[in-house]
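Heads up: the structure comes next, in structure tokens.
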Amino acid sequence: MDVVTSVMGSLLAKLGELLLAEYKLQKGVKEDVESLELEMKGVHAALTMVAKVPRDQLDQQIKIWADELTGLSYDMEDVVDNFLVYVEGFDPAANSHKLKLLVEKMTSLFTNGKARHQIGNAIKDIKTHAKDLADWHDRYNKVKDTSINNTVYPCLAALYKNQKDLVGIEDARDELTKRLTPPGEGDASNQPLKIVSIVGPGGLGKTTLAKAVYDSLQTQFKCKAFVPVGRNPNVSKVLKGILLELEPSKSMGDIDKLDEIQLINKLRHLLQDKRYFIVIDDIWDTTAWEIIKFALLDNNLGSRVITTTRLHQVATKTGDVYKLEPLPHNLSEELFYKILSDGKGKCPYDQPSEVSKKFLQKCAGVPLAIIAIASLLRDKPMENWSTLYSSIGFGNGDNKDIDDMRRILMFSYDDLPYHLRPCLLHLSIFPEDALIMKDTLIWMWVAEGFVHEEPGIGLFEIGERYFNDLVNRSMLLPVERKQDNAIDACRVHDMVLDIICLLSKEQNFVTILDSNGKYSSSQSKARRLAVQTRDEEQHNHLVNKSMPKLRSCYASMCHISMMPSLSCFQVLRVLDMKNCKFLENCHLEHLGKSHLLRYLSLENTNISELPKDIGDLKFLQTLDLRNCKIKGLPQSTSLLRKLKCLRVGSDLWCNHRIEHIDIEAPNWIGNLTSLEELSLKISGEFSTFVEGLGKLTELRVLDCHLRGGLDDRSKKTFVGSVCKLKKIQILHLEGLYGWSELEADTYWAGYKPPRGLRDLSMSSTFSRLPAWINSSQLPNLSKLKLDLYHFEEPDVVNLGGLPKLCDMGSLWIDSYIEFPDGAFPKLRYCAIHAPFWFLPGSMRSLECITFRFRTMWYMRDAVIDFDFISTLVNLPSLRWVFANIDCHGARASDVEKMEAAVRQAIDNHPNHPTLDLDMSGDPRMIKEPASPLLHHTTSVGTSAQEDQGSSSQQTKQEFHDDDDNRVRQEPDPEQKNQDQSHEGQASDSSKADQMPDDEREANDVDVDAAEKCSVLDVHPSGPVSCLSFGMSAPPPARTTATGVGSSAQAINEKEEEEEESQADRQEEVCCNSNILRTIYRSTSLARI
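Here it is as structure tokens:
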């Protein structure tokens, strides 16, 4: 029922498209289409009504009727789609042969078609069939809206659980009780109403927890009530229930005739001078809650309310949110064996079996699932458990607890709007425990036709709303990034997946070829096929099968020998061959003939060339070619005018290094004006590409990595094109290493970013924070990665004032940073490559910090004591610290002091955050050198490869000692390093200068990959420095404005003379070694 309602909605939109004048239908055909559209609207209205009724309450005849209509709708959509392809791509007079080939590929409804009027005849046949089905339905007269029927409250058992039977509830109960009774609440007077909402998926124990808290606190309140709501609630009945529990002496007759307003007024009058405690259980929509809330008077007497819900959007509307988590493994095991052993609490067998561990893994900490499975196994011999595990499902009907669990999960499914149900059923294509990337999933939904157009909103954004809705309803388990809590992936709970697969099978929605070579349903009628076996021996199951009705094929990670020729798929819309083994170019021979194809993924395959007829795929929306061996796209790709997502370019890990495979910059990119997402790594000649980029005004995501330089004209054009992208939300611009500070500052000065921009990453190095990075122009920016030479007080104010900034992925600067009170209120992750000082009140939400420094820089003077590290204690939410101490050129004693300072800071922090300490190039076996120059020459000369991947931005530190108010100045490490490293760099740097650009680029470390591995990222695009092999030296050093005084004031004239002499000697060494083009002088060399 759910499927046909969605398909019918999509079909109606396409029938309307057919009636457009541009298609010039023959008069008779147009009349038939109009009549069919009218009739289908009536059928769709009936189906929408039926979809509101839970499937298990539907008459069997209605199910049969709906299933027949599903097949009919699919066939009709195939006809319409083929017709649209035909009229858009072929001229009947000039391409009669092509028309013949096209028609031969159509479904059996119109295999004899030779021209447009015969396609119209096929539509006429379908219309007749549809009318017959509608007449059949009328004869049975079964369609009626029964959604208002009262449903059984599914949480009754939880209300009467014995406390001694509960497992793992103590901590949650105590935490919730603590929230409801804050410290110092002895006097209840002048205490506002407190509302806490427990949220979580069905079966997690929300009602049980609420009842446990209710039982422990109810003696503190004179008025108390525990009232269930449920799906499709009668709000008047709920209000009456509250009244009856608050005043048990009242009879139902006294309040039965009151309407909602009268009931609310009566409750408010009753509660106005009383301290009350009410639990509103199982709320399903905000409308019901908004009405109930009017009755809950805030009388400043310390009243308390608990609500429970499965829906996050309801929880956030009700009050303080308490997210109930699944049981950990030890408590899951305890509950499992407690049920299994009739309350004894231990395994009834000598030792736990492997299959029992599998059952627990399947339950994933959901108490209801654990109870259901354990109850099922309790009376079964252990030797039969493996068989039960293989066959367990929701439809067996031989166990009450399993049926109860199925019923509870079905409540959530039946509550879904009909447009979300196909999206959920679609998840049955994925195997258990699969990590499902959000963006990929949404583009699949778009290609499948599940996402319905809305005026003024892109299809992806609508699909993203669908995704978020399923997450909010706890049907999907979100996978969040630690840095910013952004959801970029999801998983499906095993129990939810089971019921999805059951419904999918019932409705012939997805056919699964499992690891045993078995189909979940008839392959001859398959509309969507998910190959979940990687066994090459199973290939005969597919290779010899013709599937004329197959619309989608998901064959990720399977062996190519299992796949039939693409010519076997006549109406294919989705082809996912990601990670397909041994996929070669020859296997794409018939790709251009799949005219209905909307989604194509060849990610991570051996494909090195696309067929030239790729341009015939006029309706292609998504083309994913990441991590392939493709180095160029055919010119015909420019004809894909409906393409919305293009991903191409590779960074492959090969032979212990990253191998970049770029494509030639497409000079036709400006033709793809429908693009919403563009991700590519390109090389070659960029002038036409950067100009065409400005025509892609629908772009929402641009992830562009340019391998190679831009000339001055192209740089200006590139920035101008980016300025035209008014809908951009994610902007990643990499490979801009050749831009000088002046160029970056000048070209980007006039940029006016869209207010919707939320993720910005640029590899250009700016002299200071661009003026357009501020809260008024970027109110939604949540993620930022940027390189700066200087960071002054106004920059801290602007950057720290961004209201939604959660992830500052990499801040490269050369100056000491002091973060004031109130700065960066939402920041959760930060990577800093400079000395820092956190004042109390700064970065209150920061949970994870990554920082990197070189021991040698800070240990040159004995007075350095690392006070800046100790300020980590001022970050109240800190939980993880990733520190990379670059030990190259440092003495063993120095490294020990640095490590001790970091560990002491962690020990002193009240949260005792987790420390991940990377001591790269640990020199503790190295003896102290005779001179700094010899010492550094040795280390650099033996570790050039590490230095090339490390930060090329050296830091200059000026910081204030709070204990004795002494100003201490660190000698400029860049100048010191120049003097100490030229000899060691000479041979390596000379080689680097002669190295081709692409090889040098290949040695860079992928920042994103490093971040994902939770290792301190090594930024390849850091500001140029004297230790960057094969690169030019930095421009003259600048004085940093840190509020602690100018470095020039700390050095006398004698030191300046010594500095000049030392700089002259340094320049001579550099010229002799031919490794640097320019040398600059700094005031911080005097102490050497």
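Start counting the sequence shown at 1; every next residue gets the next number (the UniProt record's numbering).
For every residue, glycine included, the Cβ atom is placed at its ideal position computed from N, Cα and C.
Per DSSP, the beta-bridge partners of Q191 are L301. The beta strand (DSSP E) runs of length 3 or more contained entirely in the region 460-521 are, from start to end of the chain, 477-480, 487-491, 511-513. Around the Cβ of D174, a 10 Å sphere holds fewer than 16 other Cβ atoms; the residue is exposed. For L706, the enclosing beta strand (DSSP E) has its first and last residue at 701-707. Between I280 and L335, the C-beta gap is not smaller than 8 Å, which leaves the two residues out of contact. For G615 and Q635, the gap between their C-alpha atoms comes out near 8 Å. In the three-state reduction of the DSSP assignment, E676 falls in the coil class, being assigned neither a helical nor a strand state. For Y737, there is no enclosing beta strand (DSSP E), since its DSSP letter is neither H nor E. If you check the CB distance, P913 and V873 do not come in under 8 Å. The continuous beta strand (DSSP E) containing L784 extends over residues 783-788. Of the residues L610, Q262, A315, the one whose Cα lies closest to the Cα of K629 is L610.
The DSSP-derived three-state label of L872 is helix. A residue is called buried when at least 16 other Cβ atoms come within 10 angstroms of its Cβ; H329 does not meet this threshold and is exposed.
For the pair D894 and F838, the Cα-to-Cα distance works out to about 24 Å. Between L296 and L193, the C-beta gap is smaller than 8 Å, which places the two residues in contact. Distance between T70 and E461, taken at the CA atoms: about 27 Å. Annotation: the region 790-826 contains the following complete segments of the beta strand (DSSP E) (minimum length 3 residues), in chain order: 807-812, 817-819. Around the beta carbon of A900, fewer than 16 other beta carbons lie within 10 angstroms, which makes this residue exposed.
Between the region 482-493 and the region 453-460 there are fewer than three inter-stretch CB-CB distances shorter than 8 Å, so the stretches are not counted as touching. A distance below 8 Å between beta-carbons, with the five flanking residues on each side excluded, links K578 to the following residues of its chain, in chain order: S556, M557, S601, L602, E603, N604, T605, D624.
In the three-state DSSP reduction, Y599 falls in the strand class (E or B). Look at V79 here: in three-state DSSP terms it is helix. Membership of P228 in the beta strand (DSSP E) is indicated by the continuous run 223-228. According to the DSSP assignment, N884 belongs to the beta strand (DSSP E) that extends over 880-886.
A direct Cα-Cα distance of roughly 7 Å separates E448 from V574.
Exposure of D320 is indicated by the presence of fewer than 16 other C-beta atoms within 10 angstroms of its C-beta.
For F766, the enclosing beta strand (DSSP E) has its first and last residue at 759-766. Per DSSP, the continuous alpha helix (DSSP H) segment holding F718 begins and ends at 712-723.
Contact between the region 497-506 and the region 437-447 is absent, with fewer than three C-beta pairs closer than 8 Å. One alpha carbon belongs to D256, the other to V305, and they sit about 25 Å apart.
Listed as beta-bridge partners of E454 by DSSP are I457. Boundaries of the beta strand (DSSP E) around R528: 528-531. Exclusion of the five residues before and after G800 leaves A823, F824 as the residues of its chain whose Cβ lies within less than 6 Å of its Cβ. Bounds of the alpha helix (DSSP H) holding T286 are 286-294. V80 and E432 have their C-alpha atoms spaced approximately 36 Å apart.
Counting along the chain, I278 sits inside no alpha helix (DSSP H); it lies in the beta strand (DSSP E) bounded by residues 276-283.
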